[in-house]
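One structure is given below, encoded as structure tokens.
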Amino acid sequence: MEKALLFIIILRILSGSIDITAAMFMYKFNDLEKAFYINTLLALVGPVILIITTGIALVGLTEKISFIRMICLFGGILLILISLKSK
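For the sequence shown, counting from 1, position 19 maps to 193 in this note's numbering; every step adds exactly one.
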């Protein structure tokens, strides 16, 4: 198994574990305000994991993918992040 693939799998498992843990904390606290705060923190984790995993994948694919395609992929990710922040 390629190292890049293994790192991506580990990061995705970590991200899912963080989401499940957050849901358990929301259930434990049983408070809408605290759940909102926890959900806000999760909104920071998701994009960070997305950027890191995409970066790892692109580094692993440097020999197989052109520079222009890499720029397009990061541009697409940037547009996704901008759309999440827009009103």
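Where a beta carbon is used, it is the ideal one built from N, C-alpha and C, also for glycine. Here the structure is a predicted model, which is why all the values come from computation and not from measurement.
How big is the Cα-Cα spacing for S260 and I184? Residue 260 sits at position 86 when you count from the first residue of the sequence shown. Residue 184 sits at position 10 when you count from the first residue of the sequence shown. Looking at the two C-alpha atoms, the distance is approximately 30 Å.
Own chain residues within Cβ distance below 8 Å of I245, not counting five before or after: Taking the sequence shown and counting its residues from 1, one reaches residue 245 at position 71. Sequence-distant partners of I245 (beyond 5 residues in either direction) whose C-beta falls short of 8 Å from its own C-beta are missing from its chain.
Which first and last residues belong to the alpha helix (DSSP H) in which E237 is found? Residue numbering aside, residue 237 sits at position 63 when the sequence shown is read from its first letter. The continuous stretches of alpha helix (DSSP H) do not include E237, and DSSP gives it neither H nor E.
Alpha-carbon spacing of I239 relative to V233, whole angstroms: Position 65 of the sequence shown, counting from 1, holds the residue named residue 239. Position 59 of the sequence shown, counting from 1, holds the residue named residue 233. Rounded to whole angstroms, I239 and V233 show a C-alpha spacing of 10 Å.
Quick check on this structure: which residue in E176, I242, I251 has the alpha carbon closest to the alpha carbon of P221? Along the sequence shown, one-based indexing puts residue 221 at 47. The option with the nearest alpha carbon to P221 is I251.
At least three beta-carbon pairs within less than 8 Å, the segment 206-214 to the segment 186-194: Contact between the segment 206-214 and the segment 186-194 is absent, because fewer than three Cβ pairs lie under 8 Å.
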